[in-house]
Every structure is written in structure tokens, then in C-alpha cells.
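**Q** There's a structure below that I have some questions on.
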Amino acid sequence: MSFGTSHSVESSSSYSPQPCRQFTLSEIELATQNFDESLVIGRGGFGKVYRGTITYGETYLDAAIKRLESGSTQGAVEFWAEIEMLSNLRHSHLVSLIGYCNDGQEMILVYEHMPNGTLADGIHKRRAPLTWVRRLKICIGAARSLDYLHTGTDIKHGVIHRDVKSTNILLDDNWAAKVSDFGLSKIGPTNQPSTYVNTLVRGTFGYMDPDYFQTGRLTRKSDVYAFGVRGLATWAQDSIKEGRVKQIVDYNLRGRISPKCLNLFALLADRCLHSRPKRRPTMAEVVVGLESILALQEKTDNTLLHKLLGIFSAWIFCVNFTFGFFHYQSFN
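For the sequence shown, the UniProt record's numbering assigns the number 1 to the initial residue and increments by one for each residue that follows.
Next up, the structure:
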């Protein structure tokens, strides 16, 4: 059994998207060595994620295999929603669904494996912290995927993700962002920014749009708010407004960020967190803003590099001149 795809966009990972395939339970057990605990690479309310090698035609694919537990908060509705969404959407910054298994009580999803884990891992767990430029590029990739969901699909009313957070942004071998977890996604009106879908409030507390939480009105701007939280923790808003932006920067990044870039980034994140949804930017505007910040940072880095090279060249000249002078003196 296969689901067709409506979009084909070059992926930034080594996996080339194929039609979603239904696997047998025996194929899954073979790929995970009968759900060997040593292959577990993630855990959550849904159950466990295993790393395994799955056979797809004549190809062996490195896969992340999510096994939903019977008591999981993610039930059959979200399981099939994930399959339907990822089978009909293709973008270089959306995680690719290889296939699934639905056998009795077993509900299993098979994704392309993301070797660099989640954005949350990259920020909080890695020994070598992500650079500021790399973080910006990850933000841009995630923003592009959300803009695609909102306005770039063939789905008549677009898609609202509804659960944007750092653990749902995966990183491939090239550190490209891949948005995942579409079990809570919703198809809703996107012809006007003010239109909304009335729905049961679902999502992750802390990333949730306060307007959506209070009214149940889900809009594209709900994703924008969650993206803003991902970009900048809400507890930092007071620091931004009081001009104390530098105090909230990751210690590992201090001194490496252009002050102007930092302020622009903070202001953009703060706009995303505006209490009134209509005052928040669209994801397309967020992409443009982030790309401008990245260009400014790279220009600053290049200017600094040229200055350092100039200083280094002058130092080399002085060393050579001094060495030559003393060498000359020693022979006279």
C-alpha cells in the first residue's frame, strides 16, 4: 500500500523522498533487532524511537522508527494524521516519512534518520555548541518549512502545524532543519490572516499561543507565536524591552554575534510573540527578516576576518623585518 505525493522538492539529506510504504511487523522487527533497547534513540509520551536499517526495495535506509505504546497520548487519530500529512507534503525542510506499520495493536512510523538529533539536543546537550550562524540557518530552514505549510502546498486551506517546538525540529547530517511531528496538525483557512479554525486546544504548554489557548481559535499566527518562543524564550521579553538583550545570550556565543544582528533578531522574535495575532508577522516575513540578519552577520564576519588577516600580515612583516635586521647585524 502506498500514498502518492503531490510535491517533490530536493531534500537536504541523503534520503530521496519516495511514496510512503506500508511495512509488515516482521520487517520492523528485523530492522530494530526485535526492538532491541540498545537501539533506542528517543523516548516520549508516544513511546520509543529506535534507530534501524530498513529495506526499501533494493535499498537499505538508515531509519528512525517510532513505536507508539498502547497507552500513548498519541492515538490512532494522530497516527493516521501524521501519515496523511507527510504522504502529501514534500519540502526540503520537512522530515520524510518512509513508511508505517499498522498491525493489531502495533502502530509504527518509519522516518529518515536525523544523525544530529533535535534542535533541543543541539542547543542544550552538545559539547561543542552550535555557532550563531548555524543557529540562524536552522531557524531559516524551519521558518521556510512553516511558510510552505501555510501557503505553499496544494492543500486548499493550507496546514497549521500546531506543535512547533525545539524537540520537533530535527537536524540532518548537514545540519539542515527538518520540521517533524504532524499528529496535531490542522488543515485550516489561510486566505486571510484573520481567519481561524475553532478546535479543541492541543499543543505544548509554553509554546502555545495565548490567544489560541483562551479562545480555541487556531490560525497560522499560532505557529508564528510558537516559532517565536522557539527563537527566544518568553522570559526574555522583559530584557528585550529594557534593552538588556546581551544578558540573555548563550554564554558560548557572547562576543561572536554582531550587536546589530542580535538586536534585530530579538525584535523579530518579540514581534512573533505579540499578544495580538494580527500584529505578528507572517512566516514569509519571518524568513525575509532572518535572511537579512544572516546576511548582515556574514558581512560582519567577513569584515572582521579581513581585519584579522591584515593584522596577521602586518605581524608577519614585522617578524620578517626584525629577523632580517638582526640577521644583517650579526654579519656586520
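Where is the CB? At the ideal position from N, CA and C, for every residue including glycine.
Please read all numbers here as calculations on a predicted model, not as lab measurements.
Here's the rule I'm using: 16 or more other beta-carbon atoms within 10 Å means buried, otherwise exposed. How should residue 34 be labelled?
**A** Sequence index remark: in the sequence shown, residue 34 carries index 34 (1-based). That one is exposed.
**Q** Look up residue 106 in the DSSP assignment and say whether it is helix, strand or coil.
**A** Locating residue 106 in the sequence shown gives position 106, where the first residue counts as 1. Residue 106 falls in the strand class under three-state DSSP.
**Q** Flag this pair as yes or no: are the beta carbons of residue 61 and residue 113 separated by less than 9 Å?
**A** In the sequence shown, counting from the first residue as 1, residue 61 sits at position 61. In the sequence shown, counting from the first residue as 1, residue 113 sits at position 113. Result yes, Cβ atoms of residue 61 and residue 113 sit closer than 9 Å.
**Q** Can you tell which of 111, 87 and 175 has its C-alpha closest to the C-alpha of residue 129?
**A** As a first step, residue 129 must be located in the sequence shown, where it is residue number 129. Ranking the options by Cα distance to residue 129, first place goes to 175.
**Q** I need the straight-line Cα distance from residue 49 to residue 27, nearest angstrom please.
**A** Mapped onto the sequence shown, residue 49 falls at position 49. Mapped onto the sequence shown, residue 27 falls at position 27. Those two C-alpha atoms are separated by around 16 Å.
**Q** The beta strand (DSSP E) that contains residue 257, what's its start and end?
**A** As a working note, residue 257 is residue 257 in the sequence shown. Element bounds for residue 257: n/a, residue is neither H nor E.
**Q** Taking all protein chains shown into account, decide if residue 315 is buried (16 or more other Cβ within 10 angstroms of its Cβ) or exposed.
**A** Sequence index remark: in the sequence shown, residue 315 carries index 315 (1-based). Note that residue 315 scores 48 on pLDDT, short of 50, meaning its location in the model is unreliable; the coordinates nonetheless yield the value given after this. Label assigned to residue 315: exposed.
**Q** For residue 87 and residue 180, I'd like the C-alpha separation in whole angstroms.
**A** Here residue 87 corresponds to residue number 87 of the sequence shown, with the count starting at 1. Here residue 180 corresponds to residue number 180 of the sequence shown, with the count starting at 1. Taking the straight line joining both Cα atoms gives about 13 Å.
**Q** By Cβ distance below 8 Å, which residues in the same chain neighbour residue 78 in space, the five residues on each side in sequence not counted?
**A** Working through the sequence shown from its first residue, we reach residue 78 at position 78. Result list for residue 78: 183 and 184, in chain order.
**Q** Straight-line CA distance for residue 134 to residue 296?
**A** In the sequence shown, counting from the first residue as 1, residue 134 sits at position 134. In the sequence shown, counting from the first residue as 1, residue 296 sits at position 296. If you take the alpha carbons of residue 134 and residue 296, they lie about 14 Å apart.
**Q** For residue 105, which residues of its own chain have a beta-carbon under 7 Å away from its beta-carbon, when the five flanking residues on both sides are left out?
**A** By 1-based counting over the sequence shown, the position of residue 105 is 105. For residue 105, where only same-chain residues beyond five positions count, the Cβ hits under 7 Å are 70.
**Q** Assuming residue 381 contacts residue 141 (C-beta within less than 8 Å), just tell me the rounded distance between them.
**A** Because the chain in this structure spans residues 1 to 332, residue 381 falls outside the shown range and cannot be described.
**Q** Where does residue 57 land, buried or exposed, given buried means 16+ other C-beta within 10 angstroms?
**A** For this step, residue 57 is matched to residue 57 along the sequence shown. By the neighbour-count rule (16 or more Cβ atoms within 10 Å), residue 57 is not buried but exposed.
**Q** May I have the straight-line CA-CA distance separating residue 109 from residue 300, to the nearest angstrom?
**A** Residue numbering aside, residue 109 sits at position 109 when the sequence shown is read from its first letter. Residue numbering aside, residue 300 sits at position 300 when the sequence shown is read from its first letter. Taking the straight line joining both Cα atoms gives about 44 Å.
**Q** Where does residue 39 sit, in a helix, a strand or coil, going by DSSP?
**A** Stepping through the sequence shown from its first residue, residue 39 is reached at position 39. The answer is helix: DSSP assigns residue 39 an H, G or I state.
**Q** Short of 6 Å in beta carbon distance, which residues of its chain neighbour residue 289, apart from the five on each side in sequence? Order them along the chain.
**A** For the purposes of this step, residue 289 is identified with residue 289 of the sequence shown, where counting begins at 1. Taken in chain order, the residues that qualify are 268.
**Q** What number of angstroms, rounded off, separates the C-alpha of residue 168 from the C-alpha of residue 276?
**A** As a first step, residue 168 must be located in the sequence shown, where it is residue number 168. As a first step, residue 276 must be located in the sequence shown, where it is residue number 276. Distance between the alpha carbons of residue 168 and residue 276: 25 Å.
**Q** Beta carbon of residue 171, beta carbon of residue 115: below 9 Å?
**A** Position 171 of the sequence shown, counting from 1, holds the residue named residue 171. Position 115 of the sequence shown, counting from 1, holds the residue named residue 115. The answer is yes: Cβ separation under 9 Å.
**Q** Here's a check: name, in chain order, each residue in its chain whose Cβ is nearer than 6 Å to the Cβ of residue 145, leaving out the five neighbours to either side.
**A** Here residue 145 is taken as the residue at index 145 of the sequence shown, counted from 1. Only 91, 93, 94 and 179 meet the Cβ criterion.
**Q** Find out if the Cβ-Cβ distance for the pair residue 147, residue 283 is shorter than 9 Å.
**A** In the sequence shown, residue 147 corresponds to position 147, counting from 1. In the sequence shown, residue 283 corresponds to position 283, counting from 1. Contact: yes.
**Q** Relative to the alpha-carbon of residue 216, which residue among 227, 186, 228 and 258 has its alpha-carbon at the smallest distance?
**A** Taking the first residue of the sequence shown as 1, we reach residue 216 at position 216. Out of 227, 186, 228 and 258, 186 has the C-alpha closest to the C-alpha of residue 216.
**Q** For residue 213, count neighbouring Cβ atoms within 10 angstroms of its own Cβ and tell me buried if that reaches 16, exposed if not.
**A** Counted from its first residue, the sequence shown places residue 213 at position 213. Under this definition residue 213 is an exposed residue.
**Q** Kindly indicate which three-state DSSP category residue 20 falls into: helix, strand or coil?
**A** The count along the sequence shown starts at 1 and reaches residue 20 at position 20. Residue 20: strand per DSSP, three-state reduction.
**Q** What does DSSP give as the partner residues of residue 54 in its beta bridges?
**A** Locating residue 54 in the sequence shown gives position 54, where the first residue counts as 1. The partner list for residue 54 (beta bridge, DSSP) reads 61.
**Q** Can you check the stretch 125-180 for any beta strand (DSSP E) of at least 3 residues that lies completely inside it and give the ranges in chain order?
**A** Counting only runs of 3 or more, we get 169-171 and 177-179.
**Q** Taking its Cβ as the centre, do 16 or more other Cβ atoms sit within 10 Å of residue 118, making it buried, or is it exposed?
**A** For the purposes of this step, residue 118 is identified with residue 118 of the sequence shown, where counting begins at 1. It is buried - the Cβ of residue 118 has at least 16 other Cβ atoms within 10 Å.
**Q** Leaving aside the five residues before and after residue 222 along the sequence, list all residues of the same chain whose C-beta is less than 6 Å from its C-beta, in chain order.
**A** Residue 222 sits at position 222 when you count from the first residue of the sequence shown. Same-chain partners within the cutoff: 209 and 212.
**Q** Out of 166, 55, 154 and 159, state which residue places its alpha-carbon closest to the alpha-carbon of residue 125.
**A** Numbered from 1 along the sequence shown, position 125 holds the residue referred to as residue 125. Of 166, 55, 154 and 159, the residue nearest in Cα terms is 166.
**Q** Under 8 Å Cβ to Cβ from residue 76, same chain only, skipping five residues before and after it: list those, please.
**A** Indexing the sequence shown from 1 puts residue 76 at position 76. For residue 76, where only same-chain residues beyond five positions count, the Cβ hits under 8 Å are 107.
**Q** Since residue 52 contacts residue 24 with CB under 8 Å, what's their CB separation in whole angstroms?
**A** Residue mapping note: residue 52 aligns to position 52 of the sequence shown, counting from 1. Residue mapping note: residue 24 aligns to position 24 of the sequence shown, counting from 1. In fact, because the Cβ distance is near 14 Å, the residues do not count as touching under 8 Å.
**Q** Quick one: give me the first and last residue of the alpha helix (DSSP H) that residue 344 is part of.
**A** Beyond the ends of the chain as shown, which are 1 and 332, falls residue 344; an answer cannot be given.
**Q** Alpha carbon to alpha carbon, how far is residue 153 from residue 68? Give it in angstroms, no decimals.
**A** Counting from one through the sequence shown, the residue named residue 68 turns up at place 68. Counting from one through the sequence shown, the residue named residue 153 turns up at place 153. Going by the C-alpha atoms only, they are around 28 Å apart.
**Q** Would you mind giving the Cβ-Cβ distance between residue 336 and residue 177, rounded to the nearest angstrom? I have them listed as a contact below 8 Å.
**A** Absent from the model: residue 336. The displayed extent of the chain is 1 to 332, so no value can be given.
**Q** Taking Cβ positions, are residue 111 and residue 64 nearer each other than 9 Å?
**A** The count along the sequence shown starts at 1 and reaches residue 111 at position 111. The count along the sequence shown starts at 1 and reaches residue 64 at position 64. Taking 9 Å as the Cβ cut-off, residue 111 and residue 64 qualify as a contacting pair.
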